[in-house]
Amino acid sequence: MTNEKWLEEITGRVSTDAPEREPITVTAPATDEPIGQIPRCTDDDVAAAVSRAQAAQSEWIEFDPAERAAILEDFGDLVLERREELLDLVQLETGKARAHAVEELLDVPTTCSYYASRAESILADQTRDGAFPLATDATVTKKPVGVVGVISPWNYPLTLSITDAVPALLAGNAVVLKPDEKTPFIALALAELLAKAGLPDGVFEVVTGDGSVVGPALVDRVDYVAFTGSTETGRAVAERAGRNLIDCSLELGGKNPMIVLANANFEEAARGAVQGCFTNAGQLCLAAERLYVESAIYERFLDAFVGETRRLSLGTEVGYGSDVGSLIDDAQLERVEEHVDDAVGRGASVLTGGRARPDVGPFVYEPTILTDVDPDARVAQEETFGPVVTVTPVDGPRAAIEAANDSDYGLNASVWTGDRERGRRLAQEIEAGTVCVNDAYIAGWAATDAPMGGVGDSGLGRRHGPEGIERYLESKTIASSRIGSLAPPSGVPATWTTRSLLAATNVRRRLSRWL
Ligand code: NAD
């Protein structure tokens, strides 16, 4: 099937009452040429999508968890079967290198299998200690919150539009997804595959359109919001969710540090830095943007890092030809240029890169390594979200940790060392949701059983692991008394009741120490 035909077909999955409104034209970063158009949904469209989701959820919740798991496992299989078309589409929409698209594609079936295998036990009722041993009991039951709104960004549109939705669906929720307006087609392709896998109509809805219209409309109507995007928008989402008294998870930006200790294998660390800094042209929330290298190894590491970086090939073709692809659009390119120009204006040295490559693609920028960067430069302070990294020598591990923690963000970090145990101890001191030792980010991201998220300006809440599904559940405690009402019998003096309660409390405290 040609791409145009497929795009037209999947665009039909967005239902809008206002098709006559001016649609949004989606362009390919590789060429800046239009790919297709998507509906500009309105507040009414969001309301209708959420109503459909609410209606469908009341039936979805009746499915056995094992039946829900089977549908999502089938969906994971379909993603693998249709991988070449999906990879083409990711490349078309984002301009990223195919190898980087593969990373996100593989994440989808992995997440489906993980949650499919865990959901039943996480959702099962749990017996907890009762108020009075033997006399009363307590059981915790878990119910889906209802309709979950997922708001996703453009940088990893395949995995980030669906992997937060998968645990929500397995928990028995319906999902309404709002993908970024720059990358909506991949989300629609996933909706089509979910339907093919047997997900009932309405359980997964997609609304497309302007983030500033569709986003708030969604936050006002759903029961939970899983947001991934910038810190600025995350704050607006949190404020709105707070007003509506609904919970949310916020996966936001980062200014991630990488520390290379003197005893590290510098060549391995250099290869790790290339992956950590330039995957998806640096448009990765977990990407390293600040490198701190112990002085004893600084020159050797830098030579190796610059050498590896210069070997990277740039290209925007659909296929496996190039190592690094395009930035998403002109705004992102402008931001990268501003950060580099500002740093250079303040005395930074450009060891490699430092320029746009319109000959390769309209938004392509060379992988860039900067040294001697003024700590007040924008590139040292703000998330660049591009292929630019600063490298700074430090006097020892203490200085490295201090420098790493000197940021309002706290998403991901890495420590490179010949002593893995020491690396793990130092990791405890770094303020970040994930710290990888001797790896840039894959060890943390691909550990689907372990929670991921940010501290400080990098967000709230966790995805992955049991935490990634618990967030979509409402716990209810059902407690019962085996000895009838615990109200004091009538006519018994309060002093008597107090004495009995004190005795019961003491027994309870002793028991809880022993058990
Ligand atoms: P963004 O905040 O501009 O957009 C993210 C999503 O929010 C899009 O779907 C957008 O349409 C929507 N949106 C826009 N305005 C909204 C509003 N008022 N209310 C609700 N939704 C609204 O993000 P961006 O700058 O396009 O994406 C890049 C950022 O995302 C970077 O900062 C990056 O670090 C971050 N990110 C974080 C993670 C993570 O897991 N922590 C992953 C990927 C990207």
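My numbering puts the first residue of the sequence shown at 215, with every later residue one more than the last. The C-beta atom is built at its ideal place from N, Cα and C for all residues, glycine as well.
Give me the Cα-Cα distance between residue i and residue j, rounded to the nearest whole angstrom.
i	j	result
residue 215	residue 299	For residue 215, the pLDDT reaches just 48, beneath the cut-off of 50, and the residue's location in the model is therefore unreliable, although a value from the coordinates is still provided. Straight-line Cα distance between these residues: approximately 9 Å.
residue 665	residue 685	12 Å
residue 732	residue 414	This structure cannot speak to residue 732, because the chain is shown only from 215 to 729.
residue 499	residue 331	28 Å
residue 417	residue 337	19 Å
residue 660	residue 509	32 Å
residue 521	residue 588	24 Å
residue 303	residue 631	39 Å
residue 628	residue 600	18 Å
residue 256	residue 238	12 Å
residue 385	residue 240	33 Å
residue 438	residue 583	41 Å
residue 575	residue 243	8 Å
residue 542	residue 436	29 Å
residue 490	residue 715	60 Å
residue 722	residue 704	25 Å
residue 495	residue 647	23 Å
residue 359	residue 497	32 Å
residue 687	residue 282	16 Å
residue 325	residue 493	21 Å
residue 689	residue 573	56 Å
residue 343	residue 718	14 Å
residue 808	residue 265	The structure shown does not extend to residue 808, since the chain spans only 215 to 729, so no value can be given for it.
residue 518	residue 501	19 Å
residue 669	residue 567	32 Å
residue 217	residue 333	35 Å
residue 652	residue 482	8 Å
residue 376	residue 695	43 Å
residue 235	residue 253	8 Å
residue 327	residue 340	23 Å
residue 596	residue 700	59 Å
residue 663	residue 680	7 Å
residue 616	residue 540	34 Å
residue 471	residue 713	59 Å
residue 269	residue 392	19 Å
residue 752	residue 516	Past the boundaries of the shown model lies residue 752; the chain is included only from 215 to 729, so the question cannot be answered.
residue 486	residue 655	9 Å
residue 443	residue 321	18 Å
residue 164	residue 585	Absent from the model: residue 164. The displayed extent of the chain is 215 to 729, so no value can be given.
Quick test of your reading: residue i and residue j, contact by CB under 8 Å. State the CB separation rounded to the nearest angstrom.
i	j	result
residue 569	residue 591	Actually they do not touch by this definition, with Cβ atoms about 18 Å apart.
residue 667	residue 673	6 Å
residue 468	residue 625	3 Å
residue 440	residue 463	5 Å
residue 285	residue 411	5 Å
residue 505	residue 603	6 Å
residue 598	residue 564	Going by Cβ atoms, the distance from residue 598 to residue 564 rounds to 14 Å, so no, they are not a contact pair.
residue 318	residue 373	4 Å
residue 421	residue 259	6 Å
residue 526	residue 488	7 Å
Beta-carbon of residue i versus every beta-carbon of chain C: anything under 8 Å?
i	result
residue 668	Given the protein chain composition of this structure (a single chain), no chain C is represented.
Mind the definition here: the segment 393-410 touches the segment 339-358 only if three or more C-beta pairs lie below 8 Å; say whether that holds. No, because fewer than three Cβ pairs between the segment 393-410 and the segment 339-358 fall closer than 8 Å, the two stretches do not touch.
Start-end ranges of the alpha helix (DSSP H) lying completely within the segment 366-433, minimum 4 residues: Secondary structure within the segment 366-433: the alpha helix (DSSP H) runs of 4 or more consecutive residues, fully enclosed, are 371-376, 379-384, 398-410 and 425-433 (chain order).
Uninterrupted alpha helix (DSSP H) stretches inside the segment 248-287 (no shorter than 4 residues): Listed in chain order, the alpha helix (DSSP H) runs fully inside the segment 248-287 are 257-274, counting runs of at least 4 residues.
For the segment 630-639 against the segment 460-475, do three or more pairs of beta-carbon atoms, one drawn from each stretch, fall closer than 8 Å, so that the two count as touching? Contact between the segment 630-639 and the segment 460-475 is present, because at least three Cβ pairs lie under 8 Å.
Closer than 8 Å is the cut-off here; do at least three beta carbon pairs connect the segment 286-301 with the segment 236-250? Flag = no, the segment 286-301 and the segment 236-250 do not touch.
For the segment 308-315 against the segment 643-657, do three or more pairs of beta-carbon atoms, one drawn from each stretch, fall closer than 8 Å, so that the two count as touching? With a cut-off of 8 Å, the segment 643-657 and the segment 308-315 do not count as touching, because too few Cβ pairs lie within range.
What residue ranges within the segment 489-528 form continuous alpha helix (DSSP H) runs of no fewer than 4 residues, ordered along the chain? Fully enclosed alpha helix (DSSP H) runs of 4 or longer: 509-524.
Are the segment 593-610 and the segment 450-458 touching, with three or more C-beta to C-beta distances below 8 Å? They do not touch, by the three-pair rule.
Pairs of beta-carbons, one from the segment 310-321 and one from the segment 530-540, closer than 8 Å: are there three or more? Contact between the segment 310-321 and the segment 530-540 is present: 3 or more CB-CB pairs across the two stretches fall below 8 Å.
Taking one C-beta from the segment 706-714 and one from the segment 353-370 each time, how about it: are there three or more such pairs within less than 8 Å? Not touching, per the Cβ criterion.
Which ranges does the alpha helix (DSSP H) cover as unbroken runs of at least 4 residues, wholly within the segment 618-666, from first to last along the chain? Taking only runs of at least 4 residues, the alpha helix (DSSP H) segments lying wholly in the segment 618-666 are 634-643 and 656-659.
Segments of 4+ residues assigned as alpha helix (DSSP H) that fall wholly inside the segment 680-721: Listed in chain order, they are 681-684.
Kindly provide the ranges of any beta strand (DSSP E) runs that are 3 or more residues long and lie completely inside the segment 565-603, ordered along the chain. The segment 565-603 contains these whole beta strand (DSSP E) runs: 582-585.
Taking the runs of the beta strand (DSSP E) that are 3 residues or longer, which of them lie wholly in the segment 447-497? The segment 447-497 contains these whole beta strand (DSSP E) runs: 461-465 and 470-474.
Please give me, in chain order, every unbroken run of the alpha helix (DSSP H) with length at least 4 that falls completely inside the segment 303-347. Within the segment 303-347, the complete alpha helix (DSSP H) segments of 4 residues or longer fall at 312-337, listed in chain order.
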